[in-house]
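151 is the number that the working numbering gives to position 132 of the sequence shown; each next residue is one higher, with no gaps.
Note that the Cβ used here is the ideal one computed from N, Cα and C, for glycine as well.
Just so it is clear, the structure is predicted and the values come from calculations on it, not from any experiment.
Notes follow the structure.
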Amino acid sequence: MVVANILLNCRKQGDTPSNVSSKIQDPIRTVLSTCPEMTSCVKFMDENMQLCESPLEFLYDQQDFLVVGCLGAQGVGKSTIMSFLTSNIASGIFPTQDTMHHESGANCTIGIDFFVTKNRVIYLDTQPILSGSTIDYSTCYDQKKSTTDFINTETNLELQSLQFAAFLFSVCHIIIFVQDWFVDPNLVRFLQTAEMLKPSSTSNMDQDYVEYYPHIVFLHNKAELQDLTPHSMENVKEFYGKLFSSSRLQIHSGLDMSNHSMEAGLNLFFIPRIVNEDEVTIHQNEKKLIEKLRTKIHGVTRNPMTPSTLTEKDWYHYVSRVMEAIKKSHLSSEYGRLMP
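In structure tokens:
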């Protein structure tokens, strides 16, 4: 509508096509220049599951954006992978574990960190799931609840991890699930439980509306040579295919290591062990794999999260409503009560 009005006014005033073009582009440039470009991540949500306002200044009122979230246990390389995906040059967008973290057993990411690229891909790096180092934070979170049904801190830790995962399932287009081992059955069960606890997106909506579920990529980081053989990879594909056969998470989106786009391909990716993790540059093979994953992520189908199309800022406010729904979820409360 804005562009149409500019064209109409320019025709009335007898402007040349080049002048018309510049007048059309000026409003767009004005909108895009209102938000600063990010050089490092900012806090999106704290360890107490409170949404932060700082990301708002980096969000536009435009609808062409993609949200990528990351889940995984402590030390599997989530932040490293996410940093490489955000940029071809900088590798430290998201902070990673250093010697101090390894010695103390503390995790580096607390809550959820946020970064948006120039081509409008929003990356959300989440604190490790089921991590013992977050028990203190979990206890703090439990004390802030108005009512609590749980006494065991380990139970609280698992429930909070499930709530973070259910949250990402609701607000991301793509989930990258990172492991550094073959397959952990406990983590598979965790994903299935988080899917069950995901808040319904059909409430107060038309009955014809299909409930939203994201794409999920099973990413095996620090893979060894034997993990990359065709036989081994086929076994892993078969394993995931059977376990998630009844899941509504989108596991067949072609987000795999093939060179050709195959919509039916299972979303499975292997990243070999990076020898010099402290260096900014990585080996050529790993770099090509990261670029391939980035390209496939950018080309994935972006299914609508809500009946109405969201802008980036609309999405932020939608995120707030989702988090409140998860905190107040009766299903989460009942599941926590029944946990051993």
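Subject >> Nearest-angstrom Cα separation, counted from D132 out to W334 >> reply: 16 Å
**OP:** Ignore the nearest five residues each way along the sequence and tell me which others in R139's own chain have a CB closer than 8 Å to its CB.
**Re:** Y79, Q81, D83, F84, L85, E331
Original post:
So does the stretch 191-201 actually touch the stretch 233-244, counting three or more Cβ pairs closer than 8 Å?
Top reply: Result yes; three or more Cβ-Cβ pairs closer than 8 Å.
Subject >> Sequence-distant residues of the same chain with beta carbon closer than 7 Å to S73, five excluded per side >> reply: Within the same chain, Cβ atoms closer than 7 Å to the Cβ of S73 are found at V61, K62, the five residues on either side in sequence being excluded.
**OP:** Return yes when the Cβ of L268 is within less than 8 Å of the Cβ of P16, no when it is not.
**Re:** With the chain running from 20 to 359 in the structure shown, residue 16 is simply not present.
Original post:
How should D297 be labelled, buried or exposed, when 16 other C-beta atoms within 10 angstroms of its C-beta is the threshold for buried?
Top reply: Caution is warranted here: a pLDDT of 49 is assigned to D297, below 50, making its placement in the model unreliable, and no coordinate value can be reported.
Original post:
How would you write the range of the alpha helix (DSSP H) that D333 sits in, first residue to last?
Top reply: 331-346
**OP:** Would you list the residues sitting across from C191 in a DSSP beta bridge?
**Re:** DSSP output for C191 lists no bridge partner at all.
**OP:** Tell me whether I345 is buried or exposed, calling it buried when 16 or more other Cβ atoms sit within 10 Å of its Cβ.
**Re:** buried
Original post:
What's the call for H250, buried or exposed, on a 16-neighbour Cβ count within 10 Å?
Top reply: exposed
Original post:
Mapping DSSP to helix, strand and coil, what is I309?
Top reply: helix
Subject >> Buried/exposed call for Q69, threshold 16 Cβ in 10 Å >> reply: exposed
Subject >> Residues bridged to D83 [DSSP beta-bridge criterion] >> reply: Per DSSP, none; premise fails for D83.
Original post:
The beta strand (DSSP E) spanning A213 covers which residue range?
Top reply: Segment 204-216 is the alpha helix (DSSP H) holding A213; no beta strand (DSSP E) there.
Original post:
Can you name the start and end residues of the alpha helix (DSSP H) that M9 belongs to?
Top reply: Absent from the model: residue 9. The displayed extent of the chain is 20 to 359, so no value can be given.
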